[in-house]
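Before any comments, here is the structure.
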Amino acid sequence: MPVPRFPVEAGHVLMFARAIGDDDAAYQAELADPEGRAAAPPTFTMAAAQFDDDYPLRPKPGQKWFGSGAGPGEALEGSGGLHAEQHFEYHRPVRVGDILSAESRPGRSWEKTGRAGLLRFSETITEYRDAAGDLVVTARSVGVLAEASGPASDAEDNGGNG
Amino acid sequence: MPVRSDEIKVGESRERVVVEDLKRTQIVQYAGASGDYNPLHTDHEFATGIAGYPGVFAHGMLTMGLTGRLLTDWFGRDSLLRFGVRFKAQVWPGDTLTATATVEEITTDEGGSLAELSVRTVRQDGTEVVSGTAAVRLEGVA
Numbered sequence: 001m002p003v004p005r006f007p008v009e010a011g012h013v014l015m016f017a018r019a020i021g022d023d024d025a026a027y028q029a030e031l032a033d034p035e036g037r038a039a040a041p042p043t044f045t046m047a048a049a050q051f052d053d054d055y056p057l058r059p060k061p062g063q064k065w066f067g068s069g070a071g072p073g074e075a076l077e078g079s080g081g082l083h084a085e086q087h088f089e090y091h092r093p094v095r096v097g098d099i100l101s102a103e104s105r106p107g108r109s110w111e112k113t114g115r116a117g118l119l120r121f122s123e124t125i126t127e128y129r130d131a132a133g134d135l136v137v138t139a140r141s142v143g144v145l146a147e148a149s150g151p152a153s154d155a156e157d158n159g160g161n162g
Numbered sequence: 001m002p003v004r005s006d007e008i009k010v011g012e013s014r015e016r017v018v019v020e021d022l023k024r025t026q027i028v029q030y031a032g033a034s035g036d037y038n039p040l041h042t043d044h045e046f047a048t049g050i051a052g053y054p055g056v057f058a059h060g061m062l063t064m065g066l067t068g069r070l071l072t073d074w075f076g077r078d079s080l081l082r083f084g085v086r087f088k089a090q091v092w093p094g095d096t097l098t099a100t101a102t103v104e105e106i107t108t109d110e111g112g113s114l115a116e117l118s119v120r121t122v123r124q125d126g127t128e129v130v131s132g133t134a135a136v137r138l139e140g141v142a
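So the protein sequences, as listed, match chains A and B.
Numbers 1 to 162, taken from UniProt numbering, label the letters of the first sequence in order.
Numbers 1 to 142, taken from UniProt numbering, label the letters of the second sequence in order.
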């Protein structure tokens, strides 16, 4: 899904850094002085999901959510996939104050037979650009979907981490 | 804190524990910050009852983020040129993860010197959970 506007905000970068256990004082300092333009953690562009209106892995008011409530939830259509690989190429660091946008396109796809049966791998390439249109990060994500029934137990052999 | 090209050598390696006894709450924290609320990672009822796993497990991207701290602590966040991993095994609550980065090659391109690194993260039983590579820009020697 395209993300037209992904503002890289000091508070958001601080929350993300905390979540990965990064307590660099520079993130705190950004709150007082956002002009510091601190670089974000290297995986921060994943948080573009927050700015994707159609992102399926976020509950939305008035829409059905597939997680548990009174019952255990239900399988989300086409969501049995796991995350097999993630690659980033940094054209420059992402910095607090950047206004990024993201566009994704499908990459290669291939199959492999594992212990649990047929595994289908597919790549998604996402380009993050700044307000001037310059490329900041190119991300390549590989997802894997097991054809066999049950959970992708082969993830232990073939990669896969949701 | 960029590293100068004469400050590191091929074969040099750094290792650190990037999380000890991973708590479910940290997985929740990562879900909130990243926006990835896949219930596989935070919803025990769903993970066991619907998805058929023994319980919730960490986002691969939480493990990659934790692993990245080894690189950014060593070379600084401004120096990264590339960072890529394969997710080899799931990370469960209670796991302790140790990341290792090794300088495989020091080379140059049009931008100057750079170091090519291998990266791996293992859990307490030695199982590799992430393996990958990174490249970082080195500062020239004045």
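No residue lacks a Cβ here, since even glycine has one placed at the ideal position from N, Cα and C.
Residues sharing a beta bridge with residue i, DSSP
i, result
"A:K60", "Answer by DSSP bridge pairing: none, since A:K60 is not bridged."
"residue 149 of chain B", "Since the displayed chain B opens at 1 and closes at 142, residue 149 of chain B lies outside it and no answer follows."
"B:S5", "B:S5 pairs with nothing; no bridge assigned."
"B:G132", "B:V85, B:V119"
"A:E123", "A:V142"
"A:P7", "A:I99"
"B:E105", "B:E116"
Test: residue i CB closer than 9 Å to a CB of chain B
i, result
"A:A19", "yes"
"A:M1", "no"
"A:S109", "no"
"A:G97", "no"
"A:E103", "no"
"A:Y55", "yes"
"A:P59", "yes"
"A:L82", "yes"
"A:Y128", "no"
"A:G159", "Because A:G159 sits at a pLDDT of 41, beneath the cut-off of 50, its placement in the model cannot be relied upon, and the point is left open."
"A:S122", "no"
"residue 166 of chain A", "The question about residue 166 of chain A has no answer, for chain A in this structure spans 1 to 162."
"A:V8", "no"
"A:P151", "Note that A:P151 scores a pLDDT of 49, beneath 50, so its modelled location is shaky and nothing firm can be said."
"A:A146", "no"
"A:G67", "yes"
"A:E156", "Any reading at A:E156 must be qualified, since the residue scores a pLDDT of 41, below 50, and its modelled position is unreliable; no value is offered."
"A:D134", "no"
"A:E85", "yes"
"A:Q50", "yes"
"A:R115", "no"
Proximity test, Cβ basis, 9 Å: residue i and chain A
i, result
"B:T72", "yes"
"B:R77", "yes"
"B:L81", "yes"
"B:R120", "no"
"B:L138", "no"
"B:Q29", "yes"
"B:R14", "no"
"B:Q26", "yes"
Whether residue i touches residue j by CB criterion (9 Å)
i, j, result
"B:E116", "B:T108", "no"
"B:V62", "B:T72", "According to the sequence provided, residue 62 of chain B is Leu. The question's Val does not apply to it. Their beta carbons are not under 9 Å apart, which means B:L62 does not touch B:T72 by this criterion."
"A:V142", "A:T45", "no"
"B:T96", "B:V19", "yes"
"A:G81", "A:V144", "yes"
"A:R129", "A:A102", "yes"
"B:A89", "B:R69", "no"
"A:R37", "A:R95", "yes"
"B:G132", "B:D21", "no"
"A:L100", "A:P41", "no"
"B:G112", "B:R82", "no"
"A:L119", "A:E147", "yes"
"B:D43", "A:G67", "yes"
"A:M1", "A:D52", "yes"
"B:P2", "B:E139", "yes"
"A:L57", "B:D36", "yes"
"B:H41", "A:H83", "no"
Inter-residue CB distance, residue i and residue j (contact presumed, cutoff 8 Å)
i, j, result
"B:V122", "B:V91", "Going by Cβ atoms, the distance from B:V122 to B:V91 rounds to 11 Å, so no, they are not a contact pair."
"A:A19", "B:Y30", "4 Å"
"B:M64", "A:T126", "Rounded, the Cβ-Cβ distance is 15 Å, inconsistent with contact."
"B:V39", "B:A33", "Inspection of the sequence shows that residue 39 of chain B is occupied by Pro rather than by Val. Incorrect: roughly 17 Å between the Cβ atoms, too far for contact."
"B:V141", "B:V119", "About 25 Å separates the two Cβ atoms, so there is no contact after all."
"B:A101", "B:A135", "Contact flag wrong, Cβ pair sits at about 11 Å."
"A:Y55", "A:A47", "A:Y55 to A:A47, Cβ: 11 Å. No contact."
"B:E45", "A:G73", "7 Å"
"A:S122", "A:S109", "4 Å"
"B:R77", "A:A39", "4 Å"
heavy atom of the ligand SAH below 8 Å from residue i C-beta
i, result
"B:D6", "As for the ligand SAH, it is missing from this structure, which has no ligand bound."
Neighbour list for residue i in chain E, Cβ cutoff strictly below 7 Å
i, result
"A:T43", "The structure shown contains no chain E; the protein chains it does contain are A and B."
Taking only runs that begin and end inside the region 77–121 of chain A, name each unbroken beta strand (DSSP E) of 3 or more residues, in chain order.
-> The qualifying runs are 82–90, 99–114.
Any beta strand (DSSP E) of 3 or more consecutive residues that is wholly inside the region 9–65 of chain B = 13–19
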